[in-house]
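Below you'll find the structure, written out as structure tokens, and then a few comments.
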Amino acid sequence: MTAPTAADVPTLQTASSLVELTSDTYTRLQRLPYAGGGTALAPVRALLATAVQELDRARTDLARATRTAGGRVQTSANAKYAAVVEQALPTVRGPGDVVGLLLTLEDVLAQTLVADVVDLSSPDVRGTVLGHATAAARRKALLLTLGALLSTGRADLVAVPPDLVALPPGAGTVGFPDVLFPTEKASPAIEGALG
Amino acid sequence: MTGPGTTRRRFLLGLGALSGAAALAACTNTAPPGTPAPAGTPPPPPSTTTTAPAPVYEGDAALMAVAAALSGLAGDLLGQAGTGAGQGRYGSVPGVVTAFLSGAAAQHTAHAEAWNRLLTNAGRPPIDGYPLTVEPALRGRLVAAVAPVDLLGLAADVTASVTATITAIAGSATGTSTVALAAGVAPVSAMHGATADFLLGRPPTAPTDPTAGALGPDALTV
């Protein structure tokens with residue numbers, strides 16, 4: 001087993017900052033009746049609950065890797081995207097807005113983690129980080145699908161299980177738009193690093 | 001410490017396999033066999049046999065080979081499922097299911113081609129067919145499928161296997177191009193799995209152990 005090194009610390013801290021922000025945003029959105037409450041569409045409510053659990057595991061794994069590398073754990077939310085969230089939250093009016101905001105955060109998080117896999121020195125941590133990237137990618141796929149369905153104005157299409165006959169064919173592919181996962185939105189390693 | 005800009009470029013270099021970038025040869029760990037001998041080297045004695053040696057995949061090459069074979073198998077199975085659905089073999093299949101199968105199949109096939117390109121760049125033979133111990137059982141499931149839900153269930157399981165296998169590769173490979181391609185491929189396969197789960201009405205939960213069920217080089221039959 002190869003331990004992460006001091007050079008990995010900024011990368012891990014930046015990843016943690018994005019996980020903190022994304023997790024916090026999910027938690028805040030859960031308090032909205034149409035996102036995590038009684039009037040929420042079942043797939044949206046389930047995604048929010050699952051995401052919080054998965055991001056808790058990411059937070060724990062990244063903190064462990066940071067400490068192993070000799071660094072301080074980043075526990076603050078990413079400042080750059082926190083500003084985006086604070087600007088967007090007052091404009092959230094329904095499930096489509098919820099999905100749109102979360103999609104922005106999950107895309108940045110997933111792209112950052114994917115890019116981090118190559119940067120990290122420890123193979124074990126690479127595997128762990130890619131595992132969390134694939135979890136974020138799964139959530140992104142579902143958000144893309146839910147967003148496309150909600151944009152049709154037919155909330156009845158967002159159901160568990162879905163009515164396959166009623167779904168538009170495009171709903172079967174909108175969740176995976178790229179042959180290779182992109183990284184152009186990946187945060188630079190220093191963006192969320194502690195000084 | 002390597003700067004972020006440099007490392008992000010390394011990622012893009014690794015992904016060049018998808019477009020066949022020749023620059024990848026510089027990233028591989030092993031010199032390709034057949035490299036011309038230095039000037040002054042005496043010629044080798046004439047060969048007395050015409051039997052070609054069996055392909056050997058070791059180290060990162062074995063990981064690439066597993067990835068190529070499994071991605072190719074996923075593409076073939078989902079592609080056949082989509083074609084069969086279009087021909088009415090599984091009853092009335094909703095368009096969303098057919099579109100999913102065909103779309104995911106095309107991406108898995110592209111991934112297999114990228115892995116094979118990495119193998120070729122490393123001086124190894126590309127994977128021919130789908131030489132995996134799991135192939136007969138998975139083909140058996142496609143043969144036994146009678147309804148759209150069977151096709152989606154097969155797709156969910158196959159893509160889960162691909163995602164776990166490629167994720168495990170990222171945690172054990174040593175070559176930058178192998179790691180970079182794994183990082184680009186695994187999340188896309190995970191997105192296929194998430195879509196299949198949604199269509200099946202399953203919970204949107206990612207596996208707690210992202211490498212559970214991963215295939216290793218011992219799954220190769222070549």
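Residue numbers (the UniProt record's numbering), protein chains in the order written: chain A, 1 to 195; chain B, 1 to 222.
Where is the CB? At the ideal position from N, CA and C, for every residue including glycine.
Can you confirm whether the region 62-82 of chain A touches the region 15-30 of chain A when touching is taken to mean that 3 or more C-beta pairs between the two stretches lie within less than 8 Å? Touching, yes.
What residue does the alpha helix (DSSP H) around A:Arg139 start on, and which one ends it? For A:Arg139, the enclosing alpha helix (DSSP H) stretches over residues 123-150.
Which residues DSSP lists as bridging B:Leu132, in chain order: Under DSSP, B:Leu132 shares a beta bridge with B:Leu220.
Express the C-alpha separation of B:Leu118 and B:Ala26 in angstroms, rounding to a whole number. Only weak support is given to the placement of B:Ala26: the predicted model assigns it a pLDDT of 29, under 50, and the value that follows is read from those uncertain coordinates. So the two alpha carbons sit approximately 11 Å from each other.
Contact set for B:His108: own chain, Cβ-Cβ below 6 Å, skip 5 residues either direction: Hits under 6 Å: Ser71, Ala74, Gly75.
Hey, is B:Leu119's beta-carbon within less than 8 Å of any beta-carbon in chain A? Interface with chain A (8 Å Cβ-Cβ cutoff): B:Leu119 is excluded.
Using 8 Å as the threshold, is the C-beta distance between B:Leu199 and B:Leu132 below it? In this structure, B:Leu132 does not lie closer than 8 Å to B:Leu199 by Cβ.
Looking at chain B, is there any beta carbon in it that lies within less than 8 Å of the beta carbon of A:Glu106? Not an interface residue.
What does a CB cutoff of less than 7 Å around B:Ala190 pick up in its chain, not counting 5 residues either side in sequence? Excluding sequence neighbours, B:Ala190 sits near Thr163.
Taking 8 Å as the cut-off, decide whether the C-beta atoms of B:Ala104 and B:Leu142 are in contact. In this structure, B:Ala104 lies away from B:Leu142, with their beta-carbon atoms at least 8 Å apart.
Proximity of B:Ala69 and B:Ile169 at Cβ, strictly below 8 Å: One thing to note: B:Ala69 has its Cβ no nearer than 8 Å to the Cβ of B:Ile169.
Measure the C-alpha to C-alpha separation of B:Tyr130 and A:Gly38 and round it to an integer number of angstroms. The alpha-carbon of B:Tyr130 is positioned some 48 Å away from that of A:Gly38.
Closest Cβ-Cβ distance between B:Ala190 and chain A: below 8 Å? Cβ-Cβ to chain A under 8 Å: yes for B:Ala190.
Can you list, in chain order, the residues of its chain with a C-beta nearer than 8 Å to that of A:Thr2? Leave out the 5 residues immediately preceding and following it. Excluding residues within five positions, the ones whose Cβ falls inside 8 Å are Ser121, Ser122, Pro123, Asp124.
How far does the alpha helix (DSSP H) with residue 228 of chain B in it extend, from its first residue to its last? Lying before the first or after the last residue shown, residue 228 of chain B is absent from chain B, which here runs from 1 to 222.
Does any residue of chain A have a CB that is nearer than 8 Å to the CB of B:Ala194? Yes - at least one Cβ of chain A is within 8 Å of the one on B:Ala194.
Taking only beta-carbon atoms, is A:Asp124 less than 8 Å away from chain B? Yes - at least one Cβ of chain B is within 8 Å of the one on A:Asp124.
Taking C-alpha atoms, which residue in B:Pro204, B:Thr195, B:Ala112 lies nearest to B:Val96? Of B:Pro204, B:Thr195, B:Ala112, the smallest CA-CA separation from B:Val96 is found for B:Thr195.
Would you decide whether A:Asp107 is buried or exposed? Buried here means 16 or more other CB atoms lie within 10 Å of its CB. So A:Asp107 ends up on the buried side.
Compare the C-beta of B:Pro38 with all C-beta atoms of chain A and state if any pair is closer than 8 Å. Note that B:Pro38 has pLDDT 38, beneath the 50 cutoff, so the model's placement of it is unreliable and the number below is only indicative. Interface annotation, B:Pro38: not in contact with chain A, CB-CB separation never under 8 Å.
With 16 as the cutoff for other CB atoms within 10 Å, does B:Ile127 come out buried or exposed? With 16 or more other Cβ atoms within 10 Å, it is buried.
Check for me: the alpha helix (DSSP H) holding A:Phe74 runs from which residue to which? Just to set this straight, residue 74 of chain A is Gln in the shown sequence, not Phe. Counted as a single uninterrupted DSSP element, the stretch harbouring A:Gln74 is not any alpha helix (DSSP H), since DSSP gives it neither H nor E.
C-alpha distance - residue 198 of chain A paired with A:Ala110, whole-angstrom precision: The question about residue 198 of chain A has no answer, for chain A in this structure spans 1 to 195.
Give the residues from the region 95-108 of chain B that approach chain A closer than 9 Å (Cβ to any Cβ), ordered along the chain. For the region 95-108 of chain B, which is checked against every Cβ of chain A, the residues closer than 9 Å are Gly95, Val96, Val97, Thr98, Ala99, Phe100, Leu101, Ser102, Gly103, Ala104, Ala106, Gln107.
Beta-carbon of A:Gly195 versus every beta-carbon of chain B: anything under 8 Å? False, the Cβ-Cβ gap to chain B never drops below 8 Å.
In whole angstroms, what is the alpha-carbon distance linking B:Ala155 and B:Gln80? Their backbone Cα atoms lie some 11 Å apart in a straight line.
Helix, strand or coil for A:Arg31? Go by DSSP, reduced to three states. The DSSP-derived three-state label of A:Arg31 is coil.
Would you call the CB atoms of B:Thr159 and B:His192 closer than 8 Å? Yes.
Please classify A:Ser151 as buried or exposed, where buried requires at least 16 other C-beta atoms within 10 Å of its C-beta. Exposed is the label assigned to A:Ser151, since fewer than 16 other Cβ atoms lie within 10 Å of its Cβ.
Does A:Thr173 have its Cβ less than 8 Å from a Cβ in chain B? Yes, its Cβ sits closer than 8 Å to a Cβ of chain B.
With distance defined between alpha-carbon atoms, name the residue in B:Trp115, B:Ala145, B:Gly201 nearest to B:Ile166. When the alpha-carbon of B:Ile166 is set against those of B:Trp115, B:Ala145, B:Gly201, the nearest one is in B:Trp115.
Use the C-beta contact count for B:Pro44: other C-beta atoms within 10 angstroms, 16 or more gives buried, fewer gives exposed. Only weak support is given to the placement of B:Pro44: the predicted model assigns it a pLDDT of 47, under 50, and the value that follows is read from those uncertain coordinates. So B:Pro44 ends up on the exposed side.
Kindly indicate which three-state DSSP category B:Ala180 falls into: helix, strand or coil? Looking at B:Ala180 - three-state DSSP - the assignment turns out to be helix.
Expressed to the nearest angstrom, what Euclidean distance is found between the alpha-carbon atoms of A:Thr27 and A:Pro162? Here the C-alpha atom of A:Thr27 lies approximately 26 Å from the C-alpha atom of A:Pro162.
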